[in-house]
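The numbering of the sequence shown is full-length UniProt numbering, which starts it at 1 and goes up by one. From the three backbone atoms N, C-alpha and C, an ideal C-beta is built for every residue, glycine too. Bear in mind that the values here come from a model prediction, so they are computed numbers and not experimental data. Here the structure is laid out as structure tokens; the discussion comes afterwards.
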Amino acid sequence: KDYNVKSVMYNVISANSIAHDLVPGGELGVPPPGYPSSAVLYRAHDAHALLSFSVYYKRFYHRVTTGLTNCDFISIRTCKEIEGKFCDYIERQYHRKVLLTGPMLPEPDKSKPLEDQWSHWLSEFGPGSVVYCALGSQITLEKDQFQELCLGIELTGLPFLVAVTPPKGAKTIQEALPEGFEERVKGRGVVWGEWVHQPLILAHPSIGCFVSHCGFGSMWESLMSDCQIVLLPYLNDQVLNTRLMTEELEVSVEVQREETG
């Protein structure tokens with residue numbers, strides 16, 4: 001009120017996603033004029049991610065750009081050190097000041113430690129030896145994708161915890177696992193189909209690698225962890241976040257896909 005500000009639009013998606021997909025006159029999948037990166041882009045094999053977004057893109061684009069155009073200030077849950085040039089680009093496109101809040105991750109609740117089930121299991125392994133894989137609540141894999149993920153992580157030969165929802169067509173994780181998988185990884189691997197406390201999992205000293213979809217929240221959690229970061233994006237914003245992490249910041253590796261995605 002002291003500054004005569006009536007409205008602020010607060011965004012919980014990344015600045016790079018807004019800059020690429022949600023500026024005036026933008027077109028899905030095509031970098032707009034003056035876009036500040038030659039690396040944070042879609043590629044041909046990202047069509048699978050754009051296809052799911054294209055269904056509601058026009059409606060989503062209209063709602064977001066209306067808010068960005070009519071607010072007094074734009075606020076984004078990011079920081080200048082990570083996405084500064086994208087925030088500057090958004091300022092120029094919308095002629096609005098962009099205010100940054102930082103990642104806004106919740107403070108860890110020290111009164112609620114990691115569940116005994118995971119604390120005891122992870123403590124059986126040495127420091128930095130366990131692969132943790134989580135793909136977020138929005139992602140439900142096809143059965144063949146799920147099995148390929150399980151087999152790929154098995155082939156690392158490392159202890160692992162995979163936390164994903166059951167794949168399409170399956171009621172439980174167990175019924176969708178590859179044949180003989182449970183017997184082969186017994187004692188060193190768990191595939192879990194329910195919620196886990198991800199920040200506490202990542203903070204456990206036994207976790208050494210985080211395989212992630214690179215949703216914006218998980219992106220920040222991975223940056224603030226001590227883990228090696230492997231990225232496997234599925235949705236459009238996750239793809240751009242992955243390119244930011246892998247090619248701009250060079251702090252992660254992206255799982256390579258075939259041209260069909």
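> Do the CB positions of residue 211 and residue 230 come within less than 7 angstroms of each other?
Replying inline: If you number the sequence shown from 1, residue 211 lands on position 211. If you number the sequence shown from 1, residue 230 lands on position 230. Contact flag set, yes.
> Which residues bound the beta strand (DSSP E) around residue 76?
Replying inline: Here the question's residue 76 lines up with position 76 in the sequence shown. It spans 73-76 - the beta strand (DSSP E) in which residue 76 sits, taken as one unbroken run.
> In the DSSP assignment, what are the bridge partners of residue 212?
Replying inline: For the purposes of this step, residue 212 is identified with residue 212 of the sequence shown, where counting begins at 1. The partner list for residue 212 (beta bridge, DSSP) reads 134, 231.
> In the DSSP assignment, what are the bridge partners of residue 10?
Replying inline: Reading the sequence shown from its first residue, position 10 is the one you call residue 10. Paired residues: 75.
> Hey, is the stretch 200-210 in contact with the stretch 116-135, meaning 3+ C-beta pairs nearer than 8 angstroms?
Replying inline: yes
>> Check for me: the alpha helix (DSSP H) holding residue 181 runs from which residue to which?
In response: Residue 181 sits at position 181 when you count from the first residue of the sequence shown. From DSSP, the alpha helix (DSSP H) with residue 181 extends over 181-185.
> Would you say residue 189 faces chain C, with C-beta separation under 7 angstroms as the test?
Replying inline: Given the protein chain composition of this structure (a single chain), no chain C is represented.
> For residue 97, which three-state DSSP category applies?
Replying inline: Taking the first residue of the sequence shown as 1, we reach residue 97 at position 97. Strand, per DSSP.
>> To the nearest angstrom, how far is the alpha carbon of residue 187 from that of residue 146?
In response: Counted from its first residue, the sequence shown places residue 187 at position 187. Counted from its first residue, the sequence shown places residue 146 at position 146. Taking the straight line from one Cα to the other gives about 20 angstroms.
> Among all the DSSP beta bridges, which residues are the ones paired with residue 189?
Replying inline: Against the sequence shown, residue 189 aligns to sequence position 189. 160, per the DSSP bridge assignment.
> Between 196, 236, 215, which lies nearest to residue 112 when the distance is taken from Cα to Cα?
Replying inline: Translated into the one-based positions of the sequence shown, residue 112 becomes position 112. Comparing Cα-Cα distances from residue 112 to each of 196, 236, 215, the minimum goes to 196.
> Which partner residues of residue 253 appear in the DSSP bridge assignment?
Replying inline: Here residue 253 corresponds to residue number 253 of the sequence shown, with the count starting at 1. 230, per the DSSP bridge assignment.
> Under three-state DSSP, which class holds residue 207?
Replying inline: Here residue 207 is taken as the residue at index 207 of the sequence shown, counted from 1. Here residue 207 sits in strand by DSSP.
> With respect to the alpha helix (DSSP H) encompassing residue 195, which residues constitute its N-terminal and C-terminal limits?
Replying inline: Within the sequence shown, the letter at position 195 stands for residue 195. From DSSP, residue 195 is part of no alpha helix (DSSP H); its letter is neither H nor E.
>> Taking 6 angstroms as the limit between beta carbons, can you name the residues of its chain near residue 200, skipping five residues before and five after?
In response: For the purposes of this step, residue 200 is identified with residue 200 of the sequence shown, where counting begins at 1. Cβ neighbours of residue 200 beyond the five flanking positions: 114.
> Do the stretch 91-109 and the stretch 62-75 meet, that is, are 3 or more Cβ pairs less than 8 angstroms apart?
Replying inline: With the cut-off at 8 angstroms, the stretch 91-109 and the stretch 62-75 touch.
> Helix, strand or coil for residue 64 per DSSP?
Replying inline: The residue given as residue 64 occupies position 64 in the sequence shown. If DSSP states are grouped into helix, strand and coil, residue 64 belongs with the helices.
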